[in-house]
Amino acid sequence: MTVPLGSEFIDPGVKATDNVDGDLTARVLVSGKVNTETLGRYHLEYTVQDSSKNTSKVSRTVEVRTFDTELPTIWLNGPELIKLDIGDDYEEQGAGAKDNLDGDISGKIRTSGKVDTNTAGEYVLEYSVMDRSGNRSKIYRTVIVQRGVVFRDPELTLYENEYQHRIWLDLESDSLDMSALDFEVSTKSTATESQDFELSKNSISTPQKSGYFTLIIHDDDEPEAKETIVINVLNKGELIKELEITLDDTNSTEIVDHGTISGYAAPGNTMVVLDDVIYSFEFDKVARYDLVNHEVLVGEIRGYQTPQVAVYNGEIHLLIDDKLYLLDKNKLSIKVTSTAPVTFETHFLSFQADKVTSVVNDTLYVFNKPWLTNNYFSYDFSSRKWEKFTDLPKGSGSIRPKTTKVFGDEVYVLDDKKNYRVFNTADKSWSITTGETNTQFSKQVHFVGKYAYDFVKDNDKHMFVRYNITSNIETYGKRNERVMDYAVNESVMYKGRFYFFNQYKTKLLSMYWGDE
265 MTVPLGSEFI DPGVKATDNV DGDLTARVLV SGKVNTETLG RYHLEYTVQD
315 SSKNTSKVSR TVEVRTFDTE LPTIWLNGPE LIKLDIGDDY EEQGAGAKDN
365 LDGDISGKIR TSGKVDTNTA GEYVLEYSVM DRSGNRSKIY RTVIVQRGVV
415 FRDPELTLYE NEYQHRIWLD LESDSLDMSA LDFEVSTKST ATESQDFELS
465 KNSISTPQKS GYFTLIIHDD DEPEAKETIV INVLNKGELI KELEITLDDT
515 NSTEIVDHGT ISGYAAPGNT MVVLDDVIYS FEFDKVARYD LVNHEVLVGE
565 IRGYQTPQVA VYNGEIHLLI DDKLYLLDKN KLSIKVTSTA PVTFETHFLS
615 FQADKVTSVV NDTLYVFNKP WLTNNYFSYD FSSRKWEKFT DLPKGSGSIR
665 PKTTKVFGDE VYVLDDKKNY RVFNTADKSW SITTGETNTQ FSKQVHFVGK
715 YAYDFVKDND KHMFVRYNIT SNIETYGKRN ERVMDYAVNE SVMYKGRFYF
765 FNQYKTKLLS MYWGDE
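Going letter by letter, the sequence shown gives residues 265 to 780 in this note's numbering.
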């Protein structure tokens, strides 16, 4: 039994009985004593003898101790929260403990849990200690293993064509920021720099946790099938990440089904692609489809007509009537950024705005239909000013703009036949005469490098075609054709492939022509 230090010890005694003598408790003799002023273990012996001289003994141990209910004090050596990047070494700093009676008991601490620095996640370590009185204390440390550099599109395949592609990355690390990162082409690349691609670095001077670099993809004449581009990510000159990109020019003229677009609202009249996302506009509807995460968001915008859409400096601008709007790409809402000095009229029978737009350098150019007033205006995104530019030369004929093609500072404005006029944005002048192509392009033609890609109807067949073109939009040689089961109203080029929707606007499809 135990008794508290300094207390009075009352011996509970024993009982004794005999088969002949009966109750012998009064004859029990006790030897030994307990000193409750001194900690320790004491032994008491109880002896009894019957009338026949038979003797029995029993003993009791009494422990004089302090009754301790105070928990030991335990603390962490080092911080409670530690953040590491994948691949870093984790050094256990341990913990310390002391007790009010036992003193330093750090050696009795037990640790449970472990940290895997090769796997991102949150790890909790438990430190536990117990004193001689059985009082236990615990404390915890959290170790977060961060992914460091995270590419938003990690399994990346690009297809040869003439275009630029932004590759976005996020930094999940307290020790990294974009201003300290650099990018270089690895010697592991099998694709040829300059001939097949170029690396364009995005300079960021302030600390940020997101950013991108740009690959400029070229289309040579050699069928090289699949090659690789390997980009090194450097932090203050030290290699911290590699990104391997497949560059493919293998023909895949079969249509690829990218899945059902559930919840997508009437994509069709106007489509643009920006940073791995397709934005589609039709009347007062706008829809966003994330091509990496396959997520859909639908919203509504003001207007009774499908807007003219322009992409500038990573933002999407909409022209509706006399207002220029900026699209919030996350909320799919719009706000006015500028009011034009005129209202760009719209033919009441047209489902689309009767004008075409083109962005050259920092300026948006608006080309109105010839029967409408206020034909030609420009908007400078830098100065935020509108300016009317010159009409076509008198007596040189008119043109009904359908689409545009930009060559350097010149905008080729094509009509719905085979005619075009050239507007020089540098000196703000028109070509004297009307040019004529040998092919009638649709409004959704894509001029990409040395090719023109178009969806046409020919001999009652819907086709996706590719033409070789000259610098003045003349086609030559044999055109490539792919018969389609339906008409395609709008398309975008993404990663060198052409994306469009099926006739029911429920599936996203794509196709690619390679060098073979």
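Every residue, glycine too, gets a C-beta built ideally from N, C-alpha and C.
Since residue i sits in a beta bridge, which residues does DSSP pair it with?
i, result
"valine 497", "Phe447 and Lys505"
"arginine 411", "DSSP, once it has assigned bridges, lists no residue as partnering arginine 411."
"tyrosine 750", "Partner(s): none; tyrosine 750 has no beta bridge."
"glutamine 572", "Leu583"
"arginine 730", "Tyr717 and Asn744"
"leucine 626", "According to the sequence as given, residue 626 is aspartate; it is not leucine. BP columns for aspartate 626 are empty, so no partner."
"asparagine 683", "Glu700"
"histidine 429", "Leu479"
"glycine 563", "Val550"
"leucine 422", "Leu511"
"glutamine 313", "Thr319"
"histidine 710", "Tyr717"
"asparagine 632", "Lys619"
"methionine 757", "Phe762"
"leucine 348", "Val409"
"valine 537", "Ile542"
By alpha-carbon positions, which one of the options ends up nearest to residue i?
i, options, result
"serine 642", "Lys666, Val670 and Pro605", "Pro605"
"valine 624", "Leu678, Val575 and Leu435", "Val575"
"glutamate 674", "Thr627, Glu546 and Asp275", "Thr627"
"glutamate 745", "Leu772, Arg405, Gln708 and Tyr717", "Tyr717"
"valine 494", "Gln767, Lys505, Gly501 and Asp484", "Lys505"
"aspartate 395", "Arg411, Ile408, Ile373 and Glu386", "Ile373"
"threonine 667", "Arg730, Ile737, Glu272 and Thr492", "Ile737"
"serine 622", "Phe671, Gly367, Thr570 and Val600", "Phe671"
"glycine 501", "Ser443, Ser295 and Met775", "Ser443"
"tyrosine 776", "Glu356, Ser316 and Ile519", "Ile519"
"aspartate 655", "Val729, Arg566, Asn283 and Phe631", "Phe631"
"glycine 351", "Asp485, Thr333 and Gly385", "Gly385"
"aspartate 366", "Phe764, Gly342 and Asp332", "Asp332"
"lysine 681", "Ser662, Glu419 and Trp694", "Ser662"
"threonine 451", "Arg400, Glu419, Thr406 and Leu507", "Leu507"
"arginine 324", "Glu344, Glu356, Gly342 and Lys297", "Lys297"
"aspartate 285", "Ser316, Ser271, Arg305 and Ser295", "Ser316"
If I measure Cβ to Cβ from residue i and keep anything under 7 Å in the same chain, skipping five residues before and after, which residues do I get?
i, result
"proline 487", "Asp513, Gly778, Asp779 and Glu780"
"leucine 269", "Thr300, Leu303, Val328, Arg329 and Thr330"
"valine 573", "Thr534, Val536, Phe545, Ile580 and Leu582"
"lysine 725", "Val747"
"threonine 607", "Asp585 and Asp586"
"aspartate 368", "Lys362"
"lysine 599", "Tyr589 and Leu590"
"asparagine 732", "Lys714, Tyr715, Thr739, Tyr740 and Gly741"
"tyrosine 758", "Val537 and Leu555"
Just to confirm, is the Cβ distance from residue i to residue j under 9 Å?
i, j, result
"leucine 293", "threonine 311", "yes"
"phenylalanine 653", "phenylalanine 705", "no"
"valine 414", "leucine 389", "no"
"serine 392", "lysine 378", "no"
"valine 278", "threonine 289", "yes"
"aspartate 554", "leucine 772", "no"
"glycine 360", "serine 370", "yes"
"aspartate 363", "threonine 383", "no"
"threonine 701", "tyrosine 715", "no"
"aspartate 353", "leucine 308", "no"
"threonine 421", "isoleucine 481", "no"
"isoleucine 525", "lysine 769", "yes"
"serine 458", "phenylalanine 477", "no"
"valine 326", "phenylalanine 273", "yes"
"lysine 721", "alanine 690", "no"
"threonine 406", "glutamate 355", "no"
Between residue i and residue j, which are expected to be in contact by the criterion C-beta below 8 Å, what is the C-beta distance as a whole number of angstroms?
i, j, result
"valine 556", "aspartate 417", "5 Å"
"alanine 455", "leucine 503", "The pair is not a contact, with the Cβ atoms about 20 Å apart (cut-off 8 Å)."
"asparagine 425", "glycine 713", "6 Å"
"asparagine 496", "glutamate 448", "5 Å"
"leucine 479", "isoleucine 408", "With 8 Å as the limit, leucine 479 and isoleucine 408 do not qualify as a contact, their Cβ atoms being about 32 Å apart."
"tyrosine 423", "glycine 760", "3 Å"
"tyrosine 473", "aspartate 446", "In the sequence as presented, tyrosine is not what sits at residue 473; that position holds lysine. 17 Å between Cβ atoms; not a contact."
Below 6 Å CB to CB, which residues in the same chain sit around residue i once its five sequence neighbours on both sides are set aside?
i, result
"alanine 529", "Model confidence at alanine 529 stands at a pLDDT of 48, short of 50, so the residue's coordinates are unreliable; what they give is reported in the following sentence. Closer than 6 Å at Cβ, skipping near neighbours: Lys549, Ala551 and Val562."
"lysine 669", "Tyr676 and Phe711"
"serine 437", "Asp349, Gln410 and Gly412"
"alanine 280", "Leu288, Thr289, Val292 and Val312"
"tyrosine 427", "Ile481"
"serine 614", "Low confidence applies to serine 614: its pLDDT is 41, below 50, so where it sits in the model is not reliable, and the reading given next is rough at best. Contacts found: none."
"aspartate 282", "Leu288 and Asp314"
Can you list, in chain order, the residues of its chain with a C-beta nearer than 8 Å to that of residue i? Leave out the 5 residues immediately preceding and following it.
i, result
"leucine 538", "Val575, Gly578, Ile580 and Lys593"
"threonine 319", "Thr311, Val312 and Gln313"
"phenylalanine 762", "His710, Tyr717, Phe728, Ser755, Val756, Ser774, Met775 and Tyr776"
"glutamine 616", "For glutamine 616, the predicted structure reports a pLDDT of 45, less than 50, and the residue's modelled location is therefore unreliable. A value from the coordinates is still provided. So the list reads Asn533, Thr534, Gln569 and Thr570, once near-sequence residues are dropped."
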